[in-house]
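Residue numbers are given in our numbering: position 206 of the sequence shown equals residue 206, and the series is strictly consecutive.
Virtual Cβ for every residue (Gly too), placed ideally from N, Cα, C.
First the structure, in the form of structure tokens, and then the observations on it.
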Amino acid sequence: MRPTEMREFKAVMRDAREAVGQGEPYTEGALELMFASLAEFPLAAIQQALIDHINSKDGKWRPNPAYIRDQIGKRAPVLWVTGDEAWGTAPKLETDSGVCNQVVAAALAVAQDLIDRGDMVAARRTFVDAYNARVEQAKNHPDPAQRVPITFISGGNLPQRYEDTQGQRQMLLERAQKNGLLPAPRVDRAPQLEIAKCTPGAKPDLKALLLTMKPKTMPPPEPEDYER
Numbered sequence: 001m002r003p004t005e006m007r008e009f010k011a012v013m014r015d016a017r018e019a020v021g022q023g024e025p026y027t028e029g030a031l032e033l034m035f036a037s038l039a040e041f042p043l044a045a046i047q048q049a050l051i052d053h054i055n056s057k058d059g060k061w062r063p064n065p066a067y068i069r070d071q072i073g074k075r076a077p078v079l080w081v082t083g084d085e086a087w088g089t090a091p092k093l094e095t096d097s098g099v100c101n102q103v104v105a106a107a108l109a110v111a112q113d114l115i116d117r118g119d120m121v122a123a124r125r126t127f128v129d130a131y132n133a134r135v136e137q138a139k140n141h142p143d144p145a146q147r148v149p150i151t152f153i154s155g156g157n158l159p160q161r162y163e164d165t166q167g168q169r170q171m172l173l174e175r176a177q178k179n180g181l182l183p184a185p186r187v188d189r190a191p192q193l194e195i196a197k198c199t200p201g202a203k204p205d206l207k208a209l210l211l212t213m214k215p216k217t218m219p220p221p222e223p224e225d226y227e228r
């Protein structure tokens, strides 16, 4: 968490205690200590951990850093897929489409020479080893944002890939959203057009209409327009 998120963190913790309905209210000092203890985690992860805690068998107890860490730990394994799963969805060639994240991209770079040679068996083994090692590094990254997969779709470098005539990129996108690797598509409501309501039988206000009409001004004539 960032220092600027302390106020929001305190509000979330107070709300969680109210939801549980047990224990004394947190003091300011206690909340600041808990913030320092949990600062390595993103605020969104703490919010989800509080929800999981409330729904767990220990949900009758007021949440504390130990409970929150326990819930985050239970969710951590599902954040990162296995090396074999990552290899299956990763783009092997620059022209391929696939699901990627910061760790997959780094592991592909390690195995790229073997991929270029066509030795896919050795490339897969190298990729999986590099991927697993980098996942462990990511989990302990100083930046909390790097501790979770930053997933994106690689469309390949061929122009026709961007056109997606075969629907391959769309298929990958929908599959990643279904598996929770990417957020669901945002649906924006179309703006509503305001239609002026006319009273039946009412006469149009011609005077107001004429006032809104501006006369068309003609550009000044050029010298060559005059007859000599």
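Please work out which residues of its chain come closer than 8 Å, Cβ to Cβ, to residue i, disregarding the five sequence neighbours upstream and downstream, and give them in chain order.
i, result
"V12", "L43, I46, Q47, L50"
"L193", "Here the model assigns L193 a pLDDT of 44, short of 50, so the residue's position is not dependable and the matter cannot be decided."
"K74", "D52"
"A190", "At A190, the pLDDT of 48 sits below 50, so the modelled position is not reliable; the number obtained from the coordinates is stated separately. Nothing meets the Cβ criterion."
"W87", "R124, F127, V128, Y131"
Are there 16 or more other CB atoms within 10 angstroms of the CB of residue i, so buried, or fewer, so exposed?
i, result
"T126", "buried"
"H53", "buried"
"P142", "exposed"
"Q71", "buried"
"L93", "exposed"
"A66", "exposed"
"A90", "buried"
"G118", "exposed"
Got a sec? Which residues, its chain only, sit under 7 Å from residue i by beta carbon, not counting five neighbours each side?
i, result
"A196", "Only weak support exists for where A196 lies, its pLDDT of 46 falling under 50; the value from the coordinates is given anyway. Once the five neighbours on either side are set aside, A196 has no close Cβ partner at all."
"Y26", "M13, R14, R17"
"M6", "F35"
"G229", "No information on residue 229 is available, as it lies outside the stretch 1 to 228 that the chain covers here."
Can you tell me which residues form a DSSP beta bridge with residue i?
i, result
"V99", "I153"
CB residue i to CB residue j, shorter than 8 Å?
i, j, result
"A133", "Q146", "no"
"V148", "L79", "yes"
"K105", "A130", "At residue 105 the sequence reads Ala, which differs from the Lys that was named. No, they are not a contact pair."
"L114", "A107", "no"
"R62", "V20", "yes"
"N101", "I153", "no"
"M1", "A30", "no"
"K57", "Q22", "no"
Assign residue i to one of three DSSP states: helix, strand, or coil.
i, result
"Q71", "helix"
"G83", "helix"
"A134", "The amino acid occupying residue 134 in the given sequence is Arg; Ala does not appear at that position. Helix at R134."
"D119", "coil"
"L114", "helix"
"H53", "helix"
"P42", "coil"
"P91", "coil"
"K60", "coil"
"V148", "coil"
"R2", "coil"
"D15", "helix"
"L193", "Residue placement at L193 cannot be trusted, given a pLDDT of 44 that sits under 50; what the coordinates show is reported in the next sentence. Here L193 sits in coil by DSSP."
"Q22", "coil"
"D143", "coil"
"T126", "helix"
"R7", "helix"
By Cβ distance, which residues of its chain are closer than 6 Å to residue i, with the 5 residues on each side in sequence left out?
i, result
"E85", "none"
"S37", "P65"
So is the beta-carbon of residue i under 7 Å away from any non-hydrogen atom of the ligand MN?
i, result
"L114", "Within the structure as shown, the ligand MN is missing, as the structure has no ligands at all."
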